[in-house]
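In the numbering used here, the protein residues as written are 3 to 360.
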Ligand code: ADP
Ligand code: MG
């Protein structure tokens with residue numbers, strides 16, 4: 003196990019700059035998720051850490067040691083991909099020990115390491131089975147076991163679950179988290195799926211176009227998005243983001259929406275009359291009735307999910323999603339009044355896209 007540090011890391015393919023000077027410190031044993039849209043440089047970053055791709059500039063340190071010049075084997079890092087590529091004709095035990103065998107490790111030592119890993123992964127009863135006789139979750143554990151026997155400094159995961167159906171994905175996610183709680187090997191997990199990142203990681207790093215937008219504990223990113231990108235990226239359904247203009251109000255400030263609706267903001271700092279802002283309101287912070295700031299629109303879509311109902315209401319042509327209790331009966335086309343606590347209303351500067359602290 004080891005820490006992983008990136009310092010002023012840059013990567014270009016020809017004239018195409020992909021990573022623009024990234025600084026990131028991952029502690030020994032930490033589970034960090036790198037999340038961002040497709041093409042933002044996630045896989046490239048992992049490949050650079052593992053040694054499959056050279057950095058264009060900057061430093062990579064593993065366990066405090068600069069590894070830029072080292073090949074992948076010397077870095078002792080385990081990559082776990084979408085495709086586990088277990089050998090179908092080999093038993094679980096043989097699959098787990100195969101890389102050690104290739105490296106010339108003695109049979110007795112391989113057996114001991116495989117046994118230890120199998121105990122850790124609760125695979126002891128399955129060691130003689132072939133991959134075809136295992137469930138998806140068990141196959142994933144074997145793939146992890148194959149990595150664990152090498153005692154790697156860190157695990158790198160590149161979207162390992164993105165090929166799976168929704169139910170299996172959730173199950174595997176729990177398996178990976180449980181494993182990390184047991185093994186505690188430093189893990190870097192790349193995904194475009196914010197829920198996966200939030201649920202798995204101690205810390206989430208949000209990437210956009212080869213730059214870090216924000217990093218922090220999942221709950222801090224959710225509660226305090228630094229900018230519009232993070233606000234829109236974290237949370238399901240997404241935060242409602244509505245253009246508005248700041249106006250003075252009796253008790254402080256208000257936001258005037260394009261259709262003329264007014265959202266009372268109360269006393270806040272860092273605002274000026276006429277300022278162009280984006281008002282952010284999370285769907286789950288609304289309730290029917292309630293004594294927060296009220297908003298009235300027309301119900302245009304009702305989507306029951308069971309525990310909750312997602313309702314789209316239109317405010318002068320601008321759709322807003324609100325999450326209400328499950329089982330409520332709502333008519334499309336009817337007016338709907340919902341409210342949101344004032345302290346749950348986010349403001350972002352429209353030009354800089356940065357959060358405006360209250
Ligand atoms: P992600 O994994 O976040 O989807 P990638 O790291 O795969 O993104 O790619 C980041 C950017 O780098 C993309 O624009 C991609 O086209 C480019 N890229 C990746 N690998 C190469 C390569 N070998 N040569 C040229 N461009 C590449
Ligand atoms: Mg990728």
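We put the CB at the ideal spot given by N, CA and C, even for glycine.
Remember, it's a predicted structure, so these values are computed and weren't measured experimentally.
Check residue i in the structure and name its three-state DSSP category.
{"i": "residue 20", "result": "strand"}
{"i": "residue 358", "result": "coil"}
{"i": "residue 146", "result": "helix"}
{"i": "residue 312", "result": "strand"}
{"i": "residue 178", "result": "helix"}
{"i": "residue 98", "result": "helix"}
{"i": "residue 151", "result": "coil"}
{"i": "residue 331", "result": "coil"}
{"i": "residue 351", "result": "strand"}
{"i": "residue 292", "result": "coil"}
{"i": "residue 133", "result": "helix"}
{"i": "residue 124", "result": "coil"}
{"i": "residue 138", "result": "helix"}
{"i": "residue 116", "result": "helix"}
Report back the beta-carbon spacing between residue i and residue j to the nearest angstrom; my notes put them in contact at under 8 Å.
{"i": "residue 239", "j": "residue 300", "result": "Rounded, the Cβ-Cβ distance is 18 Å, inconsistent with contact."}
{"i": "residue 324", "j": "residue 315", "result": "6 Å"}
{"i": "residue 54", "j": "residue 74", "result": "6 Å"}
{"i": "residue 21", "j": "residue 212", "result": "5 Å"}
{"i": "residue 262", "j": "residue 341", "result": "With 8 Å as the limit, residue 262 and residue 341 do not qualify as a contact, their Cβ atoms being about 19 Å apart."}
{"i": "residue 216", "j": "residue 294", "result": "Not a contact, Cβ separation roughly 27 Å."}
{"i": "residue 241", "j": "residue 233", "result": "5 Å"}
{"i": "residue 171", "j": "residue 88", "result": "Rounded, the Cβ-Cβ distance is 19 Å, inconsistent with contact."}
{"i": "residue 34", "j": "residue 207", "result": "6 Å"}
{"i": "residue 220", "j": "residue 203", "result": "7 Å"}
{"i": "residue 52", "j": "residue 77", "result": "7 Å"}
{"i": "residue 94", "j": "residue 128", "result": "5 Å"}
{"i": "residue 332", "j": "residue 282", "result": "Not quite, the Cβ-Cβ distance comes to about 24 Å (not below 8 Å), so this is no contact."}
{"i": "residue 352", "j": "residue 297", "result": "About 20 Å; that fails the 8 Å criterion."}
Spatial neighbours of residue i within its chain, please: CB distance less than 8 Å, with the 5 preceding and 5 following residues excluded, ordered by chain position.
{"i": "residue 274", "result": "248"}
{"i": "residue 269", "result": "253, 254, 255"}
{"i": "residue 334", "result": "301, 302, 303, 304"}
{"i": "residue 112", "result": "99, 102, 103, 151"}
{"i": "residue 264", "result": "249, 251, 256, 257, 258"}
{"i": "residue 61", "result": "7, 8, 9, 10, 11, 68, 70"}
{"i": "residue 79", "result": "51, 52, 53, 64, 154, 155, 156, 157, 158"}
{"i": "residue 167", "result": "none"}
Please list, in chain order, all residues of the same chain as residue i whose beta carbon is under 7 Å from its beta carbon, the five residues on each side excluded.
{"i": "residue 357", "result": "227, 228, 229, 348, 350"}
{"i": "residue 237", "result": "224, 284"}
{"i": "residue 44", "result": "36, 38, 192, 209"}
{"i": "residue 126", "result": "120"}
{"i": "residue 147", "result": "98, 119, 120, 123, 125"}
{"i": "residue 4", "result": "30, 64, 65, 155, 156, 188"}
{"i": "residue 90", "result": "132, 133, 134"}
{"i": "residue 205", "result": "32, 34, 217, 218, 219"}
Using a 10 Å radius around the Cβ and a threshold of 16 neighbouring Cβ atoms, would you call residue i buried or exposed?
{"i": "residue 104", "result": "exposed"}
{"i": "residue 278", "result": "exposed"}
{"i": "residue 160", "result": "buried"}
{"i": "residue 235", "result": "buried"}
{"i": "residue 189", "result": "buried"}
{"i": "residue 187", "result": "buried"}
{"i": "residue 149", "result": "buried"}
{"i": "residue 198", "result": "buried"}
{"i": "residue 71", "result": "exposed"}
{"i": "residue 115", "result": "buried"}
{"i": "residue 178", "result": "buried"}
{"i": "residue 7", "result": "buried"}
{"i": "residue 15", "result": "exposed"}
{"i": "residue 362", "result": "Residue 362 is absent from the model: the chain starts at 3 and stops at 360."}
{"i": "residue 308", "result": "exposed"}
{"i": "residue 182", "result": "buried"}
{"i": "residue 139", "result": "exposed"}
{"i": "residue 321", "result": "exposed"}
{"i": "residue 162", "result": "buried"}
{"i": "residue 373", "result": "The structure shown does not extend to residue 373, since the chain is modelled only from 3 to 360, so the question has no answer here."}
At a cut-off of 8 Å, is residue i close to the ligand FAD when judged by its beta-carbon and the heavy atoms of the ligand?
{"i": "residue 39", "result": "This structure does not include the ligand FAD; its bound ligands are the ligand ADP and the ligand MG."}
For residue i, I'd like the list of residues in its chain whose CB is within less than 6 Å of its CB, leaving aside the five on either flank, ordered along the chain.
{"i": "residue 310", "result": "325, 328"}
{"i": "residue 318", "result": "261"}
{"i": "residue 40", "result": "194"}
{"i": "residue 288", "result": "324, 340, 342"}
Suppose only complete runs of 3+ residues qualify. What are the beta strand (DSSP E) ranges in the segment 246-284, listed by chain order?
254-258, 264-268, 278-283
| Which runs of the beta strand (DSSP E) spanning at least 3 residues fall entirely within the segment 13-93, listed in chain order? | 18-28, 33-37, 59-64, 79-82
* To do: Return the chain-ordered ranges of every beta strand (DSSP E) run that is complete within the segment 162-245 and spans a minimum of 3 residues.
  => 188-193, 205-210, 213-218
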